[in-house]
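Our numbering puts the first residue of the sequence shown at 1, with every later residue one more than the last.
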Amino acid sequence: MYGPVPVTPRWTAHDFHTLTIDGKEYTIPPDTSVKIDLVSLHHDKKTWGDDADEFRPDRWIPSTSSSSLTQAASSSTTRSSIGTYDWQSESLISTAAGTFLPWTGGPRVCPGKKFSQVEFTSVLLRLFQGGARVRIAEEEGESSAQARARARRIAGDPDHSITLRMKGSKEIGLKWYVKEN
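Right, here's the structure in full:
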């Protein structure tokens, strides 16, 4: 669960804030910059289980186990057999507040959240419509299991950066005007 922004900055207000983490209290002074490490948050084994680093989409669907999806998909070699599965009965889990923040949350939630969700769904639908599938391409002499292990290793070591912003942007003013002919 790697979002496009690995860290989100926050600041405390003008008051002291006390956090309790694993029974220990921490006091954060006023006007303190706090960085939330979203990668660690999204891979926390206390929240997501021992397989937190594994790609397991069924963790989001409480009414369906991966074995029932596998049974539905393998009950016949035809695509029509998958259509007998009741996809409408599925629901998505509700995560505890603060445990999954790919778009952050609260009043500073990403303004493009809904757009990105619709766009992502649309792209996936387009890519996989008609029964298309995707797999990791093996390098020469590599088995498919080795290729998957290589992909897991590479995906587990991302390059972290935050989106670009201008330093000293408050030093530059803009003047709006109407261009005369």
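Just so you know, even glycine gets a beta-carbon here, dropped at the ideal spot from N, CA and C.
CB-CB under 6 Å to residue i, same chain, minus the five flanking residues each way: which ones, in chain order?
i	result
T99	T47
P102	G3
Using the Cβ count rule (16 or more neighbours within 10 Å means buried), how would you classify residue i?
i	result
P9	exposed
H42	buried
L19	exposed
L38	buried
Whole-angstrom Cβ separation of residue i and residue j, contact assumed at under 8 Å?
i	j	result
I36	V7	7 Å
Out of the options, point me to the one whose CA is closest to residue i's CA.
i	options	result
D34	E25, D53, A13	Residue identity check: residue 34 is Val in the sequence provided, not Asp. That would be A13, whose Cα lies nearest to the Cα of V34.
E90	V109, K114, Q117, P57	P57
L92	I61, V118, S122, K113	I61
T95	F55, D44, D53, R153	D44
R235	G106, D53, I21	Because the chain in this structure spans residues 1 to 181, residue 235 falls outside the shown range and cannot be described.
Spatial neighbours of residue i within its chain, please: CB distance less than 8 Å, with the 5 preceding and 5 following residues excluded, ordered by chain position.
i	result
Q29	Looking at the sequence itself, residue 29 is Pro, so the reference to Gln does not match. Excluding positions up to five away in sequence, the list reads T12, F16.
A155	Y2
S116	W103, C110
G49	R59
Looking only at its chain, what residues have a beta carbon closer than 7 Å to the beta carbon of residue i, apart from the 5 residues adjacent to it on each side?
i	result
A151	I136
D31	W11, T12, H14
E138	S144, A147
When DSSP builds the beta bridges, which residues end up paired with residue i?
i	result
P9	K35
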